[in-house]
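Below: one structure, written as structure tokens.
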Amino acid sequence: MADAGGSKRLWLEEDIESDLRWSYTVKSILHTGKSEFQDVELVDTGPFGKVLLLDGKLQSAERDEFVYHECLVHPALLAHPCPKTVFIAGGGEGSTAREVLRHKTVEKCVMVDIDGVVVTFCKKHLDVNKEAFEDPRLELIIGDARSGLEGYDGKFDVIVGDLADPVWGNPCYQLYTQAYYEMCKSKLNPGGVLVTQSGPAGVLSCTEVYTVIHNTLKQVFPKVVPAAHHVPSFADTWGWQIAFCDEATGAELGEAEIDARIAARVEGELAHYDGRCHARSSR
């Protein structure tokens, strides 16, 4: 964070690219923590409200996190005819689990995140996800997501990847490989669906990881649908990939069918995702 000269205003700065920087004001630092993997902070910002930072990089913002999490979770779960079991790789803040558990059909959600400090931090300070962590359908495991999935006794209808981008040297890198996706496919029930966040998907940024993840998934799954939507606090269009074990499984749902499935299967009102959003997000 930087002090803007004599203005006495604190600014948070992030490098988007080598010659592009994104910054916004910080009103106050609310809470800080540190794990063996990363620094954890919750700060109150001018444009985005409370923001969760990991190693100084924005992970989730109070005012628009619903855009990311609704677009990550609901297209995949609604594409499945009746998702009962869901596995989340990562997702330590709890927002992905929150959206999964809004689905009336879900009987069990297993979430595996490697950083217990982040999970505890978010449980304590992010009230919006309190109910998700207390939901009896949620099984929370602190550990490596790959080992947690591979060694889990049972298969899943949907697997959700809510992980950091695959930067070389980062532990998450191994959770975007062809070998990992092949293991995921073996842990899906017939007709199963996998969805993963896929990093920046803008015109200038999509070649960083978005297209690579898409092409890797296509080596494993018969049908892969790319999607993207603008997330203001990320300063870019953000991407997701939805991979289907069966080409016939709900990959081409129209606006009206999406809205009908939301009304029938999702508890409460969604803040952003609906049939029209689905049509705009699909590529």
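Anchor point for the sequence shown: position 4 equals 4 in full-length UniProt numbering, and the numbering is continuous, going up by one each time.
In this text, a Cβ means the ideal position worked out from N, Cα and C, and glycines have one as well.
Practice task
Please determine, among Val43, Ile88, Pro47, the residue with the shortest C-alpha to C-alpha distance to Leu53.
Solution key: Residue mapping note: residue 53 aligns to position 53 of the sequence shown, counting from 1. The shortest Cα separation from Leu53 among Val43, Ile88, Pro47 belongs to Val43.
Handout entry: Collapsed DSSP secondary structure at Phe244 in the structure displayed
Key = Reading the sequence shown from its first residue, position 244 is the one you call residue 244. In the structure shown, Phe244 adopts extended strand secondary structure according to DSSP, grouped into three states.
Practice task
Can you say whether His31 is buried or exposed, counting buried as having 16 or more other CB atoms within 10 angstroms of its CB?
Solution key: Taking the sequence shown and counting its residues from 1, the one referred to as residue 31 is at position 31. Result: exposed.
Exercise for the section: Give the single residue among Phe66, His103, Glu99, Cys206 whose Cα lies nearest to the Cα of Pro83. Expected result: As a position in the sequence shown, residue 83 is number 83, starting the count at 1. Minimum Cα distance to Pro83 is reached at His103.
Exercise for the section: Using the Cα positions of Gln59 and Phe234, report the straight-line distance between them to the nearest angstrom. Expected result: As a working note, residue 59 is residue 59 in the sequence shown. As a working note, residue 234 is residue 234 in the sequence shown. C-alpha of Gln59 to C-alpha of Phe234: approximately 8 Å in a straight line.
Practice task
Buried or exposed for Asp50, please, with buried defined as at least 16 other CB atoms from any protein chain shown within 10 angstroms of its CB.
Solution key: By 1-based counting over the sequence shown, the position of residue 50 is 50. Checking the sequence, you will find Lys at residue 50 rather than Asp. Label assigned to Lys50: buried.
Exercise for the section: Given a cut-off of 8 Å, decide if Leu188 and Leu175 are closer than it, judged by their beta-carbon atoms. Expected result: Locating residue 175 in the sequence shown gives position 175, where the first residue counts as 1. Locating residue 188 in the sequence shown gives position 188, where the first residue counts as 1. For Leu175 and Leu188, no; Cβs fall outside 8 Å.
Practice task
Would you kindly report the start and end of the unbroken alpha helix (DSSP H) that includes Ile262?
Solution key: The count along the sequence shown starts at 1 and reaches residue 262 at position 262. 255-265 is the span of the alpha helix (DSSP H), which, as asked, contains Ile262.
Problem - Residue burial classification, Ile29 (beta-carbon count within 10 angstroms, cutoff 16) - result: Position 29 of the sequence shown, counted from the start, is the residue given in the question as residue 29. Ile29 should be labelled exposed.
Handout entry: Alpha carbon of Thr216 to alpha carbon of His278, nearest angstrom
Key = Locating residue 216 in the sequence shown gives position 216, where the first residue counts as 1. Locating residue 278 in the sequence shown gives position 278, where the first residue counts as 1. Answer to the nearest angstrom: the Cα atoms are 23 Å apart.
Exercise for the section: Measure the CB-CB distance between Gly199 and Pro81 and report whether it falls below 8 Å. Expected result: For the purposes of this step, residue 199 is identified with residue 199 of the sequence shown, where counting begins at 1. For the purposes of this step, residue 81 is identified with residue 81 of the sequence shown, where counting begins at 1. Taking 8 Å as the Cβ cut-off, Gly199 and Pro81 do not qualify as a contacting pair.
Practice task
State whether the segment 118-133 contacts the segment 145-156, with contact taken as three or more CB pairs (one from each stretch) at a distance under 8 Å.
Solution key: Contact fails: fewer than three Cβ-Cβ distances are below 8 Å.
Problem - Simplified DSSP assignment, three categories, for Pro83 - result: By one-based count along the sequence shown, residue 83 stands at place 83. Reduced to three states, the DSSP call for Pro83 is coil.
Exercise for the section: Please state if the CB of His272 and the CB of Val67 are separated by a distance shorter than 8 Å. Expected result: The residue given as residue 67 occupies position 67 in the sequence shown. The residue given as residue 272 occupies position 272 in the sequence shown. A contact, by the Cβ cut-off of 8 Å.
Practice task
Determine the DSSP secondary structure at Val209, reduced to helix, strand or coil.
Solution key: On the sequence shown, position 209 is the one that residue 209 refers to. Under the three-state reduction of DSSP output, Val209 falls in the coil class, being neither helix nor strand.
Handout entry: Beta-carbon contacts of Phe156 that lie in its chain and below 7 Å, excluding the five residues immediately before and after
Key = Here the question's residue 156 lines up with position 156 in the sequence shown. Cβ within range, chain order: Thr85, Val86, Phe87, Lys187, Leu188, Asn189, Gly192.
Practice task
Count the other CB atoms, across all protein chains shown, that sit within 10 Å of the CB of Asp19; report buried if there are 16 or more and exposed otherwise.
Solution key: For this step, residue 19 is matched to residue 19 along the sequence shown. Exposed: under 16 other Cβ atoms inside 10 Å.
Exercise for the section: Compute the Euclidean distance between the alpha carbons of Ile142 and Glu70, then round it to the nearest angstrom. Expected result: The count along the sequence shown starts at 1 and reaches residue 142 at position 142. The count along the sequence shown starts at 1 and reaches residue 70 at position 70. In a straight line, the C-alpha of Ile142 is about 24 Å away from that of Glu70.
Handout entry: C-alpha gap between Glu269 and Asp259, whole angstroms
Key = Residue 269 sits at position 269 when you count from the first residue of the sequence shown. Residue 259 sits at position 259 when you count from the first residue of the sequence shown. In a straight line, the C-alpha of Glu269 is about 11 Å away from that of Asp259.
Practice task
Report the partner residues of Arg21 according to the DSSP bridge assignment.
Solution key: Here residue 21 is taken as the residue at index 21 of the sequence shown, counted from 1. Answer by DSSP bridge pairing, in chain order: Asp15.
Handout entry: Beta-carbon proximity list for Ala227, same chain, < 6 Å, skipping 5 on both sides
Key = Counting from one through the sequence shown, the residue named residue 227 turns up at place 227. Excluding residues within five positions, the ones whose Cβ falls inside 6 Å are Trp240, Ser281, Ser282.
Exercise for the section: Taking all protein chains shown into account, decide if Ser23 is buried (16 or more other Cβ within 10 angstroms of its Cβ) or exposed. Expected result: Locating residue 23 in the sequence shown gives position 23, counting from the first residue. With fewer than 16 Cβ atoms within 10 Å of its Cβ, Ser23 is classed as exposed.
Practice task
Please classify Gln197: is it buried, with 16 or more other beta-carbons within 10 angstroms of its beta-carbon, or exposed?
Solution key: In the sequence shown, residue 197 corresponds to position 197, counting from 1. Burial check for Gln197: the Cβ neighbour count within 10 Å reaches 16 or more, so the residue is buried.
Problem - Residue environment, Ala256, which counts as buried when at least 16 other CB atoms sit within 10 Å - result: Reading the sequence shown from its first residue, position 256 is the one you call residue 256. Here Ala256 is exposed. Its C-beta has fewer than 16 other C-beta atoms within 10 Å.
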